[in-house]
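Peer 1: Chains as they are written, first to last, in our numbering: chain F, 1 to 427; chain Y, 1001 to 1422. Here it is, the structure, as structure tokens.
And the structure:
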């Protein structure tokens, strides 16, 4: 007779106990009682909410109709321009449906057509670094994934190297160089130069344009000086280019810092949205070495990507390749970008005008006009930022960053009221 | 001002000479070619009209062409240009995850009702395994993962890059070309209590050898007795027998036995969404509170890898599984794919037997899923490639999905030729 016992037995606190089992053996078969084991992960505590993505979650939970989400860097949902982008995407997707393209795995390095257009967008199609095949490009999981690949490459091949990051920057806990000056709400250029004169052979993380979170970019002259110091100290510049086209409205203008460095023959790492680029050096002597280096670096990037996700997602890459590869769609996209960047400039202007009109203290709010891109560093501290949320239902990150992309012209006056109140009445 | 600066730079560069021009990447060696993906590259480069690709495990129809399922095409038609592209939450598409858990745990699973499963959308099966490996490393840094021999080669890469100590356990028996059950059970017994075990839920890759239902029960018992953690990689649900419920049998046995398991699921093969990178990682917890905590930690591990997962593939999955008609169509198409493969197994074996091969080819039909572990040696595989333009991985793994009525005769003949004097 085969007897099976069933029932739930809760074990004690030990994880490896064999108690609580009853087995019967019959005709060589073993059956057992069902028991609830103690989890191997019972000690796992709750992770803190992500400081940026957590803001959106809090915003969603807020029921006040005046609420404003100026947290995450994504475009305002009801805007005309976003609808145009969606139209663009629909055109691209319909193209894909028509072609009946399959969904096979991409190679580890991603869609070749995408890698080509994305490198051309960044460096310019005529750039010598591309012509001389000195760039290893690998499709990555958007900006984060591209940065992560670079970080993994650095960790593996430069285990002792330092990475210097602007203070503040997007969420990485490495060595910092001064960047933001709260007194001017602008760039602390002297501090930055002094700090990147650190011991040679470090990686210097630079934002190609539209610095996140401050919106403060070096001028062209300042970029030249930064390049000088980096060359002098034999550092390697590591660009994060997340907003090409979105800062000034011009793809070429926004890439000028990267192109400046590339023109000097410097070796670079550049993380774009969706791709990781490594540019190898240009001296004639090193030319042969360089071609080989490119192939080898690319193979190592692939080797790092394979155990992370095997190969990157195809859909977005195809959309990009289709848009950029089709002259009509490309022109339309460029027009959209100009419009989006233009809208943000208008919003900055309206916000500045509202603040100047309403704030009787004489404070200079013009930094809002000087900053560029999606974000503005308002200069509000944590307590003031909390006041923005708690009293005014304006959701932003605690470092005082607001995303202008989430702001419509109609809400600028309300926001100005909130900022003035928080700045003057809360410390 | 700018020209002055440029002048200074060129002077400086001549002073520094080769020093600052020297490449940072000189000491970067070329990485070894991935053994699986490298096969397809070689195949594509081969100009021979007879060439056959039985390398990578991607489904092909009887004409050797990649397939986009009809249910997927329909889902895409419905989606095209409609949904926005905003970031998904870090945990991915809630709807997609819900449907995915039902597939694995059962439509009416008490664990789903009790909210005891911590689950996040992942970058297909690879991403799910990697996320779990990182999670294991963070919360059990001294633990080790036992990996079957053989396994999908990338499993080793994943746990190594996650800095988790690896060990292996016996699985495939070369003599019988079946399961080495006794050695497997010994390895489970001899592993230190509380080890982590990687199990293939169905259609083992690369061998196609799965434990029987009875064997699964014994494996479950022994793993429980040792307090081991079972982590399932289920990349082929539906693809093995044609019936997703049946293919989830091992998992259901373990759930019934009370294991708090971990699970990687993928839609690459069974929905043909390979390049979309859609999957799910789940960890069954003691209660809802623990599940919330574990999920938050999984999200935190994902954030510095990719922030949040891709939206398109997840939309396809949730559109299909959330619509009764589309889901029915999908189930039919999955059955169709599995049936074709089972048909090809039979055909290959029969062809070899008809050719008078002295060897036994029973294992071709005993094994299940996309792959057949042929028993061919690396040297025989090389001959197949060099002489017959047949591409497969050097461990003798044949992707049955690449076999068609058009090439099965050619394949059988070639295999016969390189093995007849073995």
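A virtual CB, placed ideally from N, CA and C, is assigned to each residue, including glycine. All values reported here derive from a predicted model rather than from experimental measurement.
Using a Cβ-Cβ cut-off of less than 7 Å, give me the residues of the stretch 244-258 of chain F that come near chain Y, in sequence order.
Peer 2: Listed by position, the residues of the stretch 244-258 of chain F near chain Y (Cβ gap below 7 Å) amount to none.
Peer 1: How would you list, in chain order, the residues of chain Y whose beta-carbon sits under 9 Å from the beta-carbon of residue 108 of chain F?
Peer 2: The contacting residues are 1034 and 1037.
Peer 1: How about residue 1336 of chain Y and residue 1202 of chain Y: do their beta carbons lie closer than 8 Å?
Peer 2: No, the Cβ-Cβ distance between residue 1336 of chain Y and residue 1202 of chain Y is not below 8 Å.
Peer 1: What's the C-alpha gap between residue 1204 of chain Y and residue 1242 of chain Y?
Peer 2: Distance between the alpha carbons of residue 1204 of chain Y and residue 1242 of chain Y: 15 Å.
Peer 1: Do the CB positions of residue 277 of chain F and residue 161 of chain F come within less than 8 Å of each other?
Peer 2: No. Outside cutoff.
Peer 1: Along the chain, where does the alpha helix (DSSP H) containing residue 404 of chain F start, and where does it finish?
Peer 2: Premise fails: residue 404 of chain F is in no alpha helix (DSSP H) and is neither H nor E.
Peer 1: Considering just the uninterrupted stretch of the beta strand (DSSP E) at residue 205 of chain F, what are its terminal residues?
Peer 2: Note, residue 205 of chain F: beta strand (DSSP E), 203-207.
Peer 1: By DSSP, does residue 330 of chain F sit in helix, in strand, or in coil?
Peer 2: Correct three-state label for residue 330 of chain F: helix.
Peer 1: May I ask which residues mark the beginning and end of the alpha helix (DSSP H) holding residue 390 of chain F?
Peer 2: Looking at the DSSP string, the run of the alpha helix (DSSP H) that includes residue 390 of chain F is 382-392.
Peer 1: With 8 Å set as the bound, which would you pick, yes or no: does the beta-carbon of residue 1239 of chain Y sit closer than that to a beta-carbon of chain F?
Peer 2: Chain F, which has no Cβ nearer than 8 Å to the Cβ of residue 1239 of chain Y, makes this no.
Peer 1: Can you give me the C-alpha to C-alpha distance between residue 257 of chain F and residue 129 of chain F, rounded to a whole angstrom?
Peer 2: Going from the Cα of residue 257 of chain F to the Cα of residue 129 of chain F covers about 15 Å.
Peer 1: Under a three-way DSSP split, which group does residue 1124 of chain Y fall into?
Peer 2: The answer is helix: DSSP assigns residue 1124 of chain Y an H, G or I state.
Peer 1: Could you tell me whether any Cβ in chain Y is nearer than 8 Å to the Cβ of residue 307 of chain F?
Peer 2: Yes, residue 307 of chain F counts as interfacial toward chain Y.
Peer 1: From residue 1265 of chain Y to residue 1122 of chain Y, what does the alpha carbon distance come to, in whole angstroms?
Peer 2: Going by the C-alpha atoms only, they are around 9 Å apart.
Peer 1: List, in chain order, every chain F residue whose beta-carbon is nearer than 7 Å to that of residue 1161 of chain Y.
Peer 2: Ordered by position in chain F, the residues that pass the 7 Å Cβ test against residue 1161 of chain Y are 307.
Peer 1: Which chain Y residues sit within Cβ distance under 9 Å of residue 403 of chain F?
Peer 2: Near residue 403 of chain F there are no residues of chain Y at all, since even the closest Cβ is about 13 Å away, more than 9 Å.
Peer 1: When Cβ atoms are compared, which residues of the stretch 1285-1309 of chain Y fall closer than 8 Å to chain F?
Peer 2: Correct list: 1285, 1286, 1290, 1292, 1293, 1294, 1296, 1297, 1299, 1300, 1303, 1304, 1305, 1306, 1307 and 1308.
Peer 1: So which of F/240, F/410 and F/299 has the shortest CA-CA distance to residue 354 of chain F?
Peer 2: The option with the nearest alpha carbon to residue 354 of chain F is F/410.
Peer 1: If we count the other Cβ atoms within 10 Å of its Cβ and call it buried at 16 or more, is residue 1108 of chain Y buried or exposed?
Peer 2: When all chains shown are included, residue 1108 of chain Y counts as exposed.
Peer 1: Specify the secondary structure class of residue 1202 of chain Y as computed by DSSP and reduced to three states.
Peer 2: In the structure shown, residue 1202 of chain Y sits in coil (DSSP, three-state: anything other than H, G, I, E or B).
Peer 1: Residues of chain Y with CB closer than 7 Å to the CB of residue 105 of chain F, please, in chain order.
Peer 2: Near residue 105 of chain F (Cβ distances below 7 Å), the residues of chain Y are 1058, 1274 and 1275.
Peer 1: Whose C-beta lies closer than 6 Å to the C-beta of residue 1095 of chain Y among residues of the same chain, with five residues either side of it excluded?
Peer 2: Around residue 1095 of chain Y: 1318.
Peer 1: Contact criterion: CB-CB distance below 8 Å. Does residue 1368 of chain Y meet it with respect to chain F?
Peer 2: No, its Cβ sits nowhere closer than 8 Å to a Cβ of chain F.
Peer 1: Closer than 9 Å by beta-carbon distance: list the chain Y residues that pair up with residue 97 of chain F, in chain order.
Peer 2: The answer, in chain order, is 1073, 1076, 1077 and 1080.
Peer 1: Quick check on this structure: which residue in F/397, F/371 and F/114 has the alpha carbon closest to the alpha carbon of residue 430 of chain F?
Peer 2: Missing from the structure shown is residue 430 of chain F; chain F here goes from 1 to 427 and no further.
Peer 1: Counting only beta-carbon atoms, is residue 1254 of chain Y nearer than 8 Å to chain F?
Peer 2: Not closer than 8 Å to any Cβ of chain F, the Cβ of residue 1254 of chain Y fails to qualify, so no.
Peer 1: Enumerated in chain order, which unbroken segments of the alpha helix (DSSP H) with a length of 4 residues or greater are wholly contained in the stretch 1143-1217 of chain Y?
Peer 2: If we require 4 residues or more, the alpha helix (DSSP H) runs fully inside the stretch 1143-1217 of chain Y come out as 1153-1161 and 1181-1190.
Peer 1: When the Cα of residue 1196 of chain Y is compared with those of Y/1228, Y/1141, Y/1414 and Y/1045, which residue comes out closest?
Peer 2: Residue 1196 of chain Y has its Cα closest to that of Y/1228, out of Y/1228, Y/1141, Y/1414 and Y/1045.
Peer 1: Anything in the stretch 125-138 of chain F with a Cβ closer than 7 Å to a Cβ of chain Y? List those residues in chain order, please.
Peer 2: Listed in sequence order: no entries.
Peer 1: How many angstroms separate the CA atom of residue 1396 of chain Y from the CA atom of residue 308 of chain F?
Peer 2: When rounded, the distance between both Cα atoms is 26 Å.
Peer 1: What whole-angstrom Cβ distance do residue 1393 of chain Y and residue 1055 of chain Y have, given they're in contact under 8 Å?
Peer 2: Confirmed, Cβ separation roughly 6 Å.
Peer 1: Kindly provide the ranges of any beta strand (DSSP E) runs that are 3 or more residues long and lie completely inside the stretch 1368-1402 of chain Y, ordered along the chain.
Peer 2: With a minimum length of 3 residues, the continuous beta strand (DSSP E) runs that stay inside the stretch 1368-1402 of chain Y are 1371-1373 and 1397-1399.
Peer 1: Indicate whether residue 1058 of chain Y and residue 1347 of chain Y have their beta-carbon atoms separated by less than 8 Å.
Peer 2: No, the pair does not count as a contact, with Cβ atoms beyond the cut-off.
Peer 1: Counting only runs that start and end within the stretch 1288-1312 of chain Y, where is the alpha helix (DSSP H) found for 4 or more residues in a row?
Peer 2: Fully enclosed alpha helix (DSSP H) runs of 4 or longer: 1288-1306.
Peer 1: Write down every uninterrupted run of the beta strand (DSSP E) in the stretch 161-195 of chain F whose length is 3 residues or greater and which is fully enclosed by it, in chain order.
Peer 2: Listed in chain order, the complete beta strand (DSSP E) runs (minimum 3 residues) inside the stretch 161-195 of chain F are 163-167 and 175-178.
Peer 1: Between the stretch 310-329 of chain F and chain Y, which residues of the former have CB atoms less than 8 Å from a CB of the latter, in chain order?
Peer 2: For the stretch 310-329 of chain F, which is checked against every Cβ of chain Y, the residues closer than 8 Å are 310, 311, 312, 313, 314, 315 and 316.
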